[in-house]
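If you're matching positions, the sequence shown starts at 1 in the UniProt record's numbering and goes up one per residue. Cβ atoms here follow ideal geometry from the backbone N, Cα and C, with glycine treated the same way. All of these numbers come straight from a predicted model, not from anything done at the bench. Below you'll find the structure, written out as structure tokens, and then a few comments.
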Amino acid sequence: MNWVRGHSLGSGSFATVYLAKHPEDSVTFPQLTAVKSSNLHDSYSLQNEKQILDRLGSSPHVIKCFGQDKTVENDEEYYNIFLEYASGGTLSDQLEKHGGKLPDNLVRRYTRSVVEGLKYIHKKGFVHCDLKLPNILVFENGNIKISDFGLAKETGVEQGEKWQPRGTPMIMSPEAVNDSVYESSADIWALGCAVVEMITGEPAAWNESDMLMLTIRIGVGEELPKIPEELSQEGKDFLEKCFIKDPLRRWTADMLFKHPFISDVETVSVVNELVDELPLSSPSPKTYFNMLIVFLLLVRHCLLFQMNGVNKK
Numbered sequence: 001m002n003w004v005r006g007h008s009l010g011s012g013s014f015a016t017v018y019l020a021k022h023p024e025d026s027v028t029f030p031q032l033t034a035v036k037s038s039n040l041h042d043s044y045s046l047q048n049e050k051q052i053l054d055r056l057g058s059s060p061h062v063i064k065c066f067g068q069d070k071t072v073e074n075d076e077e078y079y080n081i082f083l084e085y086a087s088g089g090t091l092s093d094q095l096e097k098h099g100g101k102l103p104d105n106l107v108r109r110y111t112r113s114v115v116e117g118l119k120y121i122h123k124k125g126f127v128h129c130d131l132k133l134p135n136i137l138v139f140e141n142g143n144i145k146i147s148d149f150g151l152a153k154e155t156g157v158e159q160g161e162k163w164q165p166r167g168t169p170m171i172m173s174p175e176a177v178n179d180s181v182y183e184s185s186a187d188i189w190a191l192g193c194a195v196v197e198m199i200t201g202e203p204a205a206w207n208e209s210d211m212l213m214l215t216i217r218i219g220v221g222e223e224l225p226k227i228p229e230e231l232s233q234e235g236k237d238f239l240e241k242c243f244i245k246d247p248l249r250r251w252t253a254d255m256l257f258k259h260p261f262i263s264d265v266e267t268v269s270v271v272n273e274l275v276d277e278l279p280l281s282s283p284s285p286k287t288y289f290n291m292l293i294v295f296l297l298l299v300r301h302c303l304l305f306q307m308n309g310v311n312k313k
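The following block contains the structure:
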């Protein structure tokens, strides 16, 4: 396969991600992709990611995989998979760019997109198992996609050793800590942790460096991650639905998608975009006409939103 490895974009526990350049006349790959590479002997997680992405298929909120390749570099054999390149980096990068905290409108919009992605993943019969800000990518148009499926698994199927931890300890759910159970409800707990981190800039779970104490605090008793005081009442309620200790009572992605914290994000976003287009100077007859058009568009969108709400009931 004809491609050129570029500079490193980041690295994780199982692989390193680089920019990859492909020929302009390629019918299979865009000119720029990300390439995720691992030594062939240690590429189980990367091959698992490729298989799961192939089975998941296409979704606007899940990273797209274009293909795989094996290369020999410096006398070592590598396994490579080619993924969509996200020019905006990760949500961790966005957090840093915004000074450590994201504004409320972005938190809601990003959360809605992640929930949509989880709805799709869970409906397809998979669990991500490591949902966190570094594994959520931001694209040039502001859209975000869930990535890094190296630890993902099929729903209801045990993989690996029974008591072998999967994912990042700080975001593990109580049932994962206590019983090594990793099902769709574990992704919802991790979602709550991600929302808290977007709002506060700090990890959601307890500030505990001792791993034994961390697992005890997550798995034993009634203690829950602290919900930010600065969050709206809707946001607090949303997190309470994510941080239910009993996985059978914890809300699903389908249920959360209808929660008021994120359910009206699309309408608010459209309104803000239209308002941003309004002129700041003294209105002319032409401007009055433009404002009327904007007003009519707003009315139309609100009516459509109401009709969609009625149809869903």
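Check, Outcome
"Excluding five sequence neighbours on each side, which residues of the same chain lie with their C-beta closer than 6 Å to the C-beta of residue 314?", "The shown model of the chain, from 1 to 313, leaves out residue 314, and the question about it has no answer."
"Residue 210 by DSSP, collapsed to three states: which one?", "coil"
"Using the rule of at least 16 other Cβ atoms within 10 Å of the residue's Cβ for burial, across every protein chain shown, is residue 46 buried or exposed?", "buried"
"Name the residue from 200, 83 and 42 whose alpha carbon lies nearest to the alpha carbon of residue 58.", "83"
"Please report the distance separating the alpha-carbon of residue 314 from that of residue 201.", "Here the chain covers residues 1 to 313 and nothing more, so residue 314 does not appear."
"For the alpha helix (DSSP H) that residue 200 lies in, which residues bound it at each end?", "184-200"
"Tell me the residue span of the alpha helix (DSSP H) that contains residue 75.", "Residue 75 -> no alpha helix (DSSP H), and no H or E assigned at all."
"Within the same chain, show all residues whose beta-carbon is closer than 6 Å to that of residue 247, passing over the 5 residues directly before and after it, in chain order.", "175 and 185"
"Between which residues of its own chain and residue 224 is the CB-CB distance below 7 Å, once the five residues before and five after are set aside?", "243"
"Along the alpha helix (DSSP H) that carries residue 318, what are the first and last residues, could you check?", "Lying outside 1 to 313, the shown extent of the chain, residue 318 is not represented and no answer is given."
"For the candidate residues 28, 25, 32 and 26, whose alpha-carbon lies nearest to that of residue 18?", "32"
"With burial defined as no fewer than 16 other Cβ atoms inside 10 Å of the residue's Cβ, what is the status of residue 168: buried or exposed?", "buried"
"Using only alpha-carbon positions, find the residue among 136, 122, 138 and 61 that is nearest to residue 155.", "122"
"Once you ignore the five residues that flank residue 91 on each side, which residues in its own chain have a CB closer than 6 Å to its CB?", "133 and 136"
"Are residue 218 and residue 177 touching if we call contact CB-CB under 8 Å?", "yes"
"May I have the straight-line CA-CA distance separating residue 86 from residue 140, to the nearest angstrom?", "7 Å"
"Can you tell me which of the three DSSP states residue 154 falls into?", "strand"
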